[in-house]
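For what it's worth, our numbering labels the leading residue of the sequence shown as 12, then goes sequentially. In what follows, a single structure is set out as structure tokens and then discussed.
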Amino acid sequence: MCGIIYNTIMSQPRIVLDTNVLIAALRSNRGASHKLLLLIDSGLFDVCVSVPLVLEYEAVAKRKIKDTALTEEDVEVILDYICAVSQSKKIHYLWRPNLPDPDDDMVLELAVTASCTHIVTFNGYDFIEAEEFGVKIITPKEFLKIIGAWS
12 MCGIIYNTIM
22 SQPRIVLDTN
32 VLIAALRSNR
42 GASHKLLLLI
52 DSGLFDVCVS
62 VPLVLEYEAV
72 AKRKIKDTAL
82 TEEDVEVILD
92 YICAVSQSKK
102 IHYLWRPNLP
112 DPDDDMVLEL
122 AVTASCTHIV
132 TFNGYDFIEA
142 EEFGVKIITP
152 KEFLKIIGAW
162 S
């Protein structure tokens, strides 16, 4: 059903990237997470962010920077780019608590507020309740296959 909604109502999928996908993309320039990050301004999909989510991206990325070849300045440039090419949404209502992790609730609230088709994450089991809101939970590789960017 989500595919039907995407094809008939929206011109392209609208997603929220869970923090674990961003961190995986920063850690390695191989794999689906990195490819997805490279495609965020491709016009194949829209990425939605909120101030709390970007602050989480920044905190986790800077905490895990030792696991990457990046500097803090590199992380800031990447986050600035994500903010520049993403759709920023304000969350005016909270659905909490809905998920076991409050940080995951924040991602779900953004997805619902922004009418996202997907939450892209490696922790699908943490977002099982999200499907009640019409948001599909999917891995980066699965999402890339949907948009025709993974062979």
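We treat Cβ as the ideally placed atom computed from N, Cα and C, and that holds for glycine.
Assignment of beta strand (DSSP E) within the stretch 32-110, counting only whole runs of 3 or more residues, yields 57-60 in chain order. In the DSSP assignment, Ile148 is bridged to Ile130. In the DSSP annotation of this structure, the continuous segment of the beta strand (DSSP E) that includes Ile26 starts and ends at 25-28. Here Thr124 has Lys100, Ile102 as same chain residues with Cβ atoms under 6 Å from its own Cβ, once five neighbours each way along the sequence are excluded. In this structure Pro24 is in contact with Ile158, their Cβ atoms being roughly 7 Å apart against a cut-off of 8 Å. If you draw a 10 Å sphere on the C-beta of Glu83, you find fewer than 16 other C-beta atoms in it, and that means exposed.
Taking the Cβ atoms as the reference, Leu55 lies roughly 7 Å from Ala160, within the contact range of under 8 Å. For Phe138 and Asp85, the gap between their C-alpha atoms comes out near 30 Å.
Distance from the Cα of Leu64 is smallest, within the candidate group His45, Leu90, Leu48, for Leu90. The DSSP-derived three-state label of Ile158 is coil.
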